[in-house]
Each structure stands twice: as structure tokens, then as C-alpha cells.
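Residue numbers (full-length UniProt numbering): 1 to 312. Ideal placement from N, C-alpha and C gives every residue a C-beta, glycine not left out. Report on the following structure.
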Ligand SMILES: Nc1nc2c(ncn2[C@@H]2O[C@H](COP(=O)(O)OP(=O)(O)O)[C@@H](O)[C@H]2O)c(=O)[nH]1
Ligand SMILES: [Mg+2]
């Protein structure tokens, strides 16, 4: 077993949480209305990945805790333009899980694809507004390469980013229970405030609902205008997942991110992928949500079901 992989078992330190984090994330039990026990369905987990070596130990530690049956779970990665040990570590983990690990840890399939796009953006620059359109188009292409190659007969596709810090073990069963075409939890991030205390806030601002003001703003755009969230210089008036009252546990969305996104496979199979061109002013995952809705599929979010992204 590669030394960087987590030792299995409940005490794994890679996924342990502080008391304060536990209190916030324990809320999930109240929000998930009921849990679905998977019968004969199967799941394909897809992760586009690039220079993600330092998060991979936790990535697998979290996967190992998932309650969804392993023998009905497949895993596929698309590695692009990576310059760190990401690819080598994935190969090591595949050898471990599929050849050496105890049978109950084996995945139905474990595929690693490599496709370079020769796109380099220093991690520090990846949130500059002027870089977003090209960066998100690259991501769209990566996601399309991945699902079109990896999807076989699975009923569910789960997109998970490589740099998540926490999600609860029962999340797949919980999300499936809502029985939606596309559904996302609320992806938070933990940052220190000015007084040095940890504070949780919404990380994934690609999950949003249109509002009368946002629709009004959109009506004045040129066809070639690209919209992106989270920039003071571009007000979009969308409603993010932290803007819902406590009684609205499941809400329709018009945009989603890809940090943790459960999709019924028939959505992708019917041709709904990730636009690598502007579709209703959006690309990639938000374009995907818009395209899914245009096809009549239901896209939903859970404002009070939390997962956590690493702190950049
Ligand atoms: N294949 C591929 N994966 C990428 C690329 N850029 C980022 N990723 C991966 O896609 C996921 C989301 O990217 P990330 O940079 O974390 O996005 P952010 O959290 O929205 O800033 C992570 O798993 C990354 O490792 C890319 O160009 N190609
Ligand atoms: Mg990320």
C-alpha cells in the first residue's frame, strides 16, 4: 500500500473534524428527509484532476467512508496538464485498490485517462476575473472528455472535485433519495475572520437561482457576454445557497458547480454535457445546468446540506 494512502478504519485522521465543524456539518441529518438504500443501481464517480497531489490522500479517505456499495461504484479520472505527482499517485492507488486491497474496497472499475490541453494557469491566478472564461472552457472540455469516455451502464454520475475537505459518509444515499435529475449540496469553505476565528461561508458560487433582478440584467446583455459569479466588478444578482430560509431544504437552481454534483446518467446520455461555448451567457457547470433545464430536466440544490472545500 503506498504510504500516502489513508489507512482504512474509522479513526483515520485525514477526515477527522473539530467540534465546531462537527456541529455545523451535523445539521445534514436534519435536512436529509430520508435515505435511499441502493438496490441495484450503480454509480460512476468522475473527477477531473490537475496538480492535486497534496489533496489525494484525503480524497481517497473520504471515498473510503462512503456508504454506497463499493462493488457498484466505479471511478474515473481525467488528468490534464499535471506537473506534480497526481498521475503517478493515481496509478499507485489503482494498483492498491484493484489488486492488493481487501475485496470490499475494490471498485467495479477504476479508470485513469490522460488528456493534455496544454493550458497552464498558475494556481494563484485561477480566480482572476479576466481568466475565467478560458479557464472554465478548459474545464468544460475536460469534463466532456471524461464523461464521454467513462460512462458505461451506470444509472448515476457523481462529479467530485479533487480538493474537497469533507463530505458525510451517507451523502450519496441522501442525495439519491431526493430523486432529482441533478442535485448539489451546499459547498462551504472555512476561513479565518479578522478576529482569527474560523467562519464558514459559501464556496461554490456557481450554484444559484435566477432572480427578477438577474433576469432583468441578462435581458440587457449582448449575446457574447460571459457571466461569472463572485466578482465585485460584475454584479449578477443571483441568489446563492446561503440565501434561503430554513424551511426551504430543497430548492430549484439555474446554475450549479461541479464540486459535488449528482446527475442521473440519462441527463448526460441525452446529450447534456458541459458547454465549452457560451450557452445563455454561461459555460461549463453553470452552462450544464442551463442546458439541462432547457431540456426539461430538474436541477436542485440543498441549502442546508453541507460539504466543505479546502481553504485555498
Ligand atoms: N482535467 C483537468 N482537471 C482540472 C483542470 N483544472 C482544474 N482541474 C480539476 O478540476 C477540479 C476543480 O478545479 P479547481 O481548480 O479546484 O476549481 P475551483 O475550486 O472552482 O477553483 C479539481 O479536481 C481540479 O484538480 C484542468 O485543466 N483539467
Ligand atoms: Mg477546488
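Cβ of residue i within 8 angstroms of any chain C Cβ
i	result
residue 229	In summary, chain C is missing from the structure at hand, where a single protein chain is found.
Heavy atom of ligand 2 within 7 angstroms of residue i beta-carbon
i	result
residue 84	no
residue 266	no
residue 281	no
residue 163	yes
residue 200	no
Host alpha helix (DSSP H) of residue i (start-end)
i	result
residue 161	It is not in any alpha helix (DSSP H) - residue 161 carries neither H nor E in the DSSP assignment.
residue 266	265-269
residue 141	132-150
residue 288	284-294
residue 167	It is not in any alpha helix (DSSP H) - residue 167 carries neither H nor E in the DSSP assignment.
residue 80	Looking at the DSSP string, residue 80 is not in any alpha helix (DSSP H), and its letter there is neither H nor E.
residue 60	56-65
residue 216	212-219
residue 40	No alpha helix (DSSP H) contains residue 40, which DSSP labels as neither H nor E.
residue 21	19-25
Delimiting residues of the beta strand (DSSP E) encompassing residue i
i	result
residue 201	198-202
residue 186	182-192
residue 113	109-114
residue 47	43-49
residue 304	299-309
Cβ-heavy atom distance, residue i to ligand 1, below 7 angstroms
i	result
residue 126	yes
residue 226	no
residue 274	no
residue 52	yes
residue 79	yes
residue 117	yes
residue 169	no
residue 47	yes
residue 217	no
residue 138	yes
residue 379	It is not possible to answer for residue 379, since the shown part of the chain is limited to 1 through 312.
residue 23	no
residue 207	no
residue 142	yes
Short Cβ contact (8 angstroms threshold) for residue i with residue j
i	j	result
residue 218	residue 281	yes
residue 68	residue 172	yes
residue 329	residue 2	Residue coverage of the chain in this structure runs from 1 to 312, which leaves residue 329 outside it and unanswerable.
residue 156	residue 254	no
residue 140	residue 275	yes
residue 260	residue 119	no
residue 256	residue 285	yes
residue 111	residue 81	no
residue 268	residue 147	yes
residue 176	residue 90	no
residue 58	residue 18	no
residue 70	residue 126	no
residue 244	residue 133	no
residue 52	residue 83	no
residue 213	residue 252	no
residue 191	residue 201	yes
residue 228	residue 137	no
residue 20	residue 277	no
residue 76	residue 150	yes
residue 72	residue 165	no
residue 145	residue 300	no
residue 102	residue 61	no
Contact belief for residue i with residue j at Cβ below 8 angstroms, rounded distance in angstroms
i	j	result
residue 109	residue 79	At roughly 16 angstroms, the Cβ-Cβ gap does not stay under 8 angstroms, so residue 109 and residue 79 are not in contact.
residue 86	residue 63	Going by Cβ atoms, the distance from residue 86 to residue 63 rounds to 16 angstroms, so no, they are not a contact pair.
residue 306	residue 181	Rounded, the Cβ-Cβ distance is 22 angstroms, inconsistent with contact.
residue 161	residue 258	6 angstroms
residue 74	residue 154	6 angstroms
The stretch 228-240 contacting the stretch 197-205, beta-carbon criterion three pairs below 8 angstroms: Touching, yes, given that three or more Cβ pairs across the two stretches are closer than 8 angstroms.
Is the stretch 179-192 close to the stretch 44-51, with three or more CB pairs under 8 angstroms? Below 8 angstroms, too few C-beta pairs join the stretch 179-192 and the stretch 44-51 to call them touching: fewer than three.
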